[in-house]
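Protein chains in written order, with my numbering: chain F, 5 to 443; chain P, 34 to 511.
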């Protein structure tokens, strides 16, 4: 059995003795006899570290690791600079709690302040919080930020990630916030469809761009339509795309949210990830969760503290803007180190190469019968293409090459490229698809 | 210390990515951003030194004693980190085919079985990413249960006045009205007040047991019975599970659903505020409402996803903070059936030992055997010397100790809440007790020294009022 107790059994007996107790059971005297576990837990005996490592490694080995990943759909395989992992493994950061005591938490606090600044720069917004659980929750929390007495409804086009829509619906269900999911044609929302759907009680519109199908939505026109109807515009943006594409601020968004996983976090079977949230100044006090602010210490030195806490659960209890307490602090730091390591040029390079690879793949597929892209709208690094065979069959073929193909979606396959999908990988993929096409 | 942006120099940076090996795509100009983000341009060495400096200005569990009450700041074993960093977990796309992620599904399934046994529940979802997220999810189950029975008048959640702030906040988010019930003289739930509070509109009760005073409520079976008889359900906030794991189970106390904090009880690191993981467990009759997808084991031994028939939906994308679950599974695997109650017993022993050392000098809010934590009240000290709980906490910083939780629970004046955890040695506890006593002596002889504390930290006390009054929430750039 393994153990992390520094004290020996003998020492513990002595400590009990100092308390004039003879057994551990006496420490539990307030626990009624009926609820005490009589025969212990029905779980395996503990094991040594070596045995535990072997067991977990065996589980990890049961998963298939792909050499080349052409699947995105909300989780992206971008290059992670070596410094990112080394910084975020520093044990001071790893083993600290929420920075309640500013005097010994300046490292965490300053890094969140830097993160907030980077997110504001990336999104073109005024204020960012210190992160929420993931991009889907960020979208749901943003919807709540827009609630007014006479405006509660939210409109979401079906071009957004279905998971994000589902989380918005789940969150809104408990607060009786009506959610309208707009049907679209051709994998994009047009402003006229939105205009028809906007009502006097619409609080906000949530649009993801690039959307689930990779299409760059006409967010400027959509934001204008929302604003003309008196509603707020929430834009969900894939942060890597912001190295190149128009920022939410430039599109006219009131709130920018998104999944921050692409900023230095590995795929990790879905988590931990990172929800970023940023907004215009007017909405600052409606932001949920932790926010770090700059101030001075009693000797006039610049320092950082958790601030605007009057919004939060530990002060306001049931009247808080959100219940969030723990967030994804270390993931926010990861994103911050990533953005600092990449710099403006590096981030742009990641965006340019991802888009170039995806367009190169699309062009290759357009030459292969049965695999032609169906998208005729501008896209970033994902697009839907036809698939002449059942996608599972195609994947079985790709498995042999260590390639994870695109995600099966209605009407075909959603392909994704990042800077990691080299020309050589794409050419090989096209070659295999050519063979499948010819069969 | 300088900010990243102040270290930036035009043209500096790192060569991390190659030039494009295919023709670059020319987007229409109106799709492109006009203003590039002002991200810092920094060399690798300067970036590394920046974060090394920041690390030196951060106190984690590995830096020293961290008795932050209700946060269970126990030691985080290295093997857990190593397992969570395995390629076979980190490089797995969440939307791979089931057959290619059997190891991940087995991690989820096995951890579910273990948590079922530890909590006395029948099913667990790992989708909630933190404790408060778990609370919200659990309350959604309670809401769905009443709605499924067409019992629509049940709109109130009862919360004791000693509860964590997340409890009422989560209840409000889940669409409930919060009813606060007072504590009795012993620090437990006032049964008469509870009886008066329950009724046809009671959806449920949220309770932490042991509670935030570090006391196990001896009336627990009566409490859960009162709520059940009124038609409500009982929700267990697992923040303090570390006191009783392997020795008593919420499922045997009359609770219908629970959340546990993997980042507290099961030793996954807190990362300066996250990522955590707040899996929610429930009894069989609530299972059909859990978030989807869940994982099941087929007869042929294969693991598959499935959707519960009346799922509340999704509270997060994918399956939760998976790598945190890997760490917790590693931890539970090492401890096993004997290590778990040994950990909880030692956590309780350490708390009582430290309390014993301080008793007589400091006032303990409730003078009885405590569980994994206890609360001091410095009300008298403040009256006599003007030294507050805040002053004492700030002075502790000078000794390299993270202070206890301050001013919580709200029902104790000038509160300091100490949770030493099981991973501290007797010498550390003796040292900590001596520091507390020395600080008490200082409070009496040189109170001004405490008002001005800390004296040996990277910064002195920050102006928090100024920070909130004139919010500066990002670097301004000149």
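All residues carry an ideal CB built from backbone N, CA and C; glycine is no exception.
Query, Result
"Contacting positions in the stretch 337-366 of chain P - beta carbon closer than 8 Å to chain F", "345, 346, 347, 348, 349, 350, 351, 352, 353, 354, 355, 356, 357, 359, 362, 363, 365 and 366"
"Residue 420 (chain F) burial status per 10 Å Cβ neighbour count (16 or more: buried)", "buried"
"Any 3 or more C-beta pairs closer than 8 Å across the stretch 368-388 of chain P and the stretch 167-179 of chain P", "no"
"Candidates P:298, P:278, P:279 and P:254, of which the one nearest residue 289 (chain P) by Cα", "P:254"
"Alpha-carbon spacing of residue 245 (chain F) relative to residue 262 (chain F), whole angstroms", "11 Å"
"C-alpha gap between residue 270 (chain F) and residue 326 (chain P), whole angstroms", "22 Å"
"Assigned exposure category for residue 367 (chain P) - 16 Cβ within 10 Å defines buried", "buried"
"Residue-level contact to chain F via CB, residue 58 (chain P), 9 Å cutoff", "yes"
"Continuous alpha helix (DSSP H) assignments of at least 4 residues falling wholly in the stretch 242-318 of chain P", "253-262"
"CB contact check: residue 154 (chain P) to chain F, cutoff 9 Å", "no"
"Residue 155 (chain P) beta carbon less than 9 Å from that of residue 321 (chain P)", "no"
"CA-to-CA distance, residue 307 (chain F) to residue 325 (chain F), given in whole angstroms", "26 Å"
"Chain-ordered neighbours of residue 100 (chain F) on chain P, where CB pairs are closer than 7 Å", "91, 92, 93, 303 and 305"
"Under the three-state DSSP convention, the category residue 186 (chain F) falls into", "strand"
"Below-9 Å beta-carbon distance, residue 398 (chain F) vs any chain P residue", "no"
"Assigned exposure category for residue 132 (chain F) - 16 Cβ within 10 Å defines buried", "buried"
"Nearest candidate by alpha-carbon position, reference residue 461 (chain P), set P:41, P:343 and P:100", "P:100"
"Residue 480 (chain P) versus residue 432 (chain P) - alpha carbon distance", "17 Å"
"Length of the line joining the Cα atoms of residue 396 (chain P) and residue 445 (chain P)", "11 Å"
"Residue 300 (chain F) - containing beta strand (DSSP E), residue span", "296-300"
"When P:392, P:88 and P:329 are compared against residue 140 (chain P), the one with the closest alpha-carbon", "P:329"
"Range of the contiguous alpha helix (DSSP H) that encloses residue 75 (chain P)", "From DSSP, residue 75 (chain P) is part of no alpha helix (DSSP H); its letter is neither H nor E."
"Residue 330 (chain P), DSSP secondary structure in three states", "strand"
"DSSP bridge partner residues for residue 338 (chain P) (one or two, in chain order)", "P:328"
"Strand pairing of residue 280 (chain F), partner residues [DSSP]", "F:262"
"Cβ distance (whole Å) where residue 312 (chain P) is taken to contact residue 148 (chain P) below 8 Å", "6 Å"
"C-beta contact flag for residue 87 (chain F) and residue 339 (chain F) at 9 Å", "no"
"Residues that residue 12 (chain F) bridges to, as DSSP identifies them", "Bridge partners of residue 12 (chain F): none, in fact."
"Coil, strand or helix - residue 444 (chain F) by DSSP", "Given a span of 5 to 443 for chain F in the structure shown, any question on residue 444 (chain F) remains unanswerable."
"9 Å Cβ cutoff, residue 397 (chain P) in contact with chain F", "no"
"Three or more C-beta pairs below 8 Å linking the stretch 482-500 of chain P and the stretch 300-320 of chain F", "yes"
"Cutoff 9 Å: residue 212 (chain F) Cβ touching any chain P Cβ", "no"
"Residues that residue 189 (chain P) bridges to, as DSSP identifies them", "P:210 and P:235"
"Top-ranked residue by Cα proximity to residue 422 (chain F), from P:53, P:218 and P:258", "P:53"
"Alpha helix (DSSP H) runs contained entirely in the stretch 110-175 of chain P, provided each spans 4 or more residues", "111-117, 120-123 and 135-152"
"Length at least 4, wholly inside the stretch 337-409 of chain P: the alpha helix (DSSP H) runs in chain order", "355-391"
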